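The structure under discussion appears below in the form of structure tokens.
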Amino acid sequence: MGTLDLGVLVSGNGSNLQAILDAIETGKLDARVRLVLSNRADAFALERARRAKLPALSISHKAYDSREAFDAAMTEALRAHGAEWVVLAGFMRILTPEFVSAFRGRVLNIHPALLPAFPGVHAIRQALAHGVKVTGCTVHWVDEGVDSGPIIAQRAVPVLADDSEHSLAERMHLAEHELYVQALADLAAGRVRPPGEA
Ligand code: GRF
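Residue numbering for the sequence shown follows the working numbering, starting at 1 and increasing by one per position.
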């Protein structure tokens, strides 16, 4: 695939974004982050982007009267900055079918569970509530559903007897950072191919 031109969508802390930036910096990942885009102006992820001297933009979903209009604004910003791949890294909005088709087979997400178990926003809480002994994280292609696209990579994360949501989330994050960088490096190297491409 060669050097990946990434647009990273964020809503919060951005530790996965940081892992990607660090991997680029140290030569582990052949990519350029063309734009970091947040729906929340106060996302710490934007600060991480600014510190790395990267274009950082916030577009509030509240400024648009429909999901379609908000997603069209994001699509335009991503295109204007030259992003060819869209990396969801803690982006807390559901994407419209229009957005997914604008970047068909070019949108990746990371989810803190072994999909198809525990889709949705409370994956870590649900894993604890169900008493699973092993959970994990999943990098997958984004389709029109919620956490439902083809799986690219997974990593197991043990659940310990005295885990809280916080302690499990911390362990999860470490696994996520490695898995996301690995999946993107595999994509850049052609070891992972977009869905529908041989
Ligand atoms: C991660 O747990 C990711 O799996 C989920 O949102 C969280 C984002 O964390 N989709 P961060 O903002 O990258 O630190």
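For every residue, glycine included, the Cβ atom is placed at its ideal position computed from N, Cα and C. What you are looking at is a predicted structure, and each value in this text was computed from that prediction instead of being measured.
Any heavy atom of the ligand GRF inside 7 angstroms of the beta-carbon of residue i?
{"i": "V146", "result": "no"}
{"i": "H61", "result": "no"}
{"i": "P119", "result": "no"}
{"i": "I110", "result": "yes"}
{"i": "S15", "result": "yes"}
{"i": "H122", "result": "no"}
{"i": "H166", "result": "no"}
{"i": "M74", "result": "no"}
{"i": "E176", "result": "yes"}
{"i": "H173", "result": "yes"}
{"i": "G90", "result": "yes"}
{"i": "V10", "result": "yes"}
{"i": "A45", "result": "yes"}
Assuming residue i and residue j form a contact by the criterion Cβ under 8 angstroms, report the distance between their Cβ atoms to the nearest whole angstrom.
{"i": "R155", "j": "L179", "result": "5 angstroms"}
{"i": "K6", "j": "A31", "result": "Here residue 6 turns out to be Leu, not Lys, going by the sequence shown. Right, their Cβ atoms sit about 5 angstroms apart."}
{"i": "D163", "j": "P119", "result": "So it is not a contact: roughly 21 angstroms between Cβ atoms."}
{"i": "A77", "j": "L37", "result": "6 angstroms"}
How big is the Cα-Cα spacing for residue i and residue j?
{"i": "A189", "j": "G196", "result": "18 angstroms"}
{"i": "S15", "j": "K28", "result": "17 angstroms"}
{"i": "A161", "j": "R171", "result": "14 angstroms"}
{"i": "S211", "j": "P116", "result": "Nothing in the structure corresponds to residue 211, since the chain is present only between 1 and 198."}
{"i": "I151", "j": "R193", "result": "11 angstroms"}
{"i": "A23", "j": "A72", "result": "30 angstroms"}
{"i": "V159", "j": "H173", "result": "13 angstroms"}
{"i": "R50", "j": "K133", "result": "39 angstroms"}
{"i": "L21", "j": "A45", "result": "11 angstroms"}
{"i": "A19", "j": "N39", "result": "20 angstroms"}
{"i": "E176", "j": "G90", "result": "11 angstroms"}
{"i": "H166", "j": "L128", "result": "11 angstroms"}
{"i": "E84", "j": "A41", "result": "23 angstroms"}
{"i": "T75", "j": "T135", "result": "33 angstroms"}
{"i": "V87", "j": "G131", "result": "31 angstroms"}
{"i": "C137", "j": "Q182", "result": "13 angstroms"}
{"i": "G149", "j": "V100", "result": "11 angstroms"}
{"i": "I94", "j": "K62", "result": "14 angstroms"}
{"i": "R48", "j": "E25", "result": "13 angstroms"}
{"i": "R79", "j": "F70", "result": "14 angstroms"}
{"i": "Y64", "j": "R104", "result": "23 angstroms"}
{"i": "V3", "j": "A169", "result": "Here residue 3 is Thr; the residue named in the question, Val, does not match the sequence. So the alpha carbons of these two residues sit roughly 31 angstroms apart."}
Residues in the same chain with beta-carbon distance under 6 angstroms from residue i, minus the five sequence neighbours each way, listed in chain order, please.
{"i": "A123", "result": "P112 and A113"}
{"i": "M92", "result": "S11"}
Return the chain-ordered list of same chain residues with a C-beta closer than 7 angstroms to the C-beta of residue i, the five sequence neighbours on each side being excluded.
{"i": "E68", "result": "T96 and E98"}
{"i": "G82", "result": "D5 and R34"}
{"i": "A102", "result": "T75"}
{"i": "D186", "result": "V192"}
Quick one: residues in its chain with C-beta nearer than 8 angstroms to the C-beta of residue i, no 5 flanking neighbours on either side, listed in chain order?
{"i": "S66", "result": "none"}
{"i": "A43", "result": "V10, S11, G12, N13, G14 and S58"}
Meets three-Cβ-pair contact criterion under 8 angstroms: the segment 134 to 146 and the segment 108 to 116: yes
Given 8 angstroms, three or more beta-carbon pairs between the segment 153 to 167 and the segment 49 to 56: no
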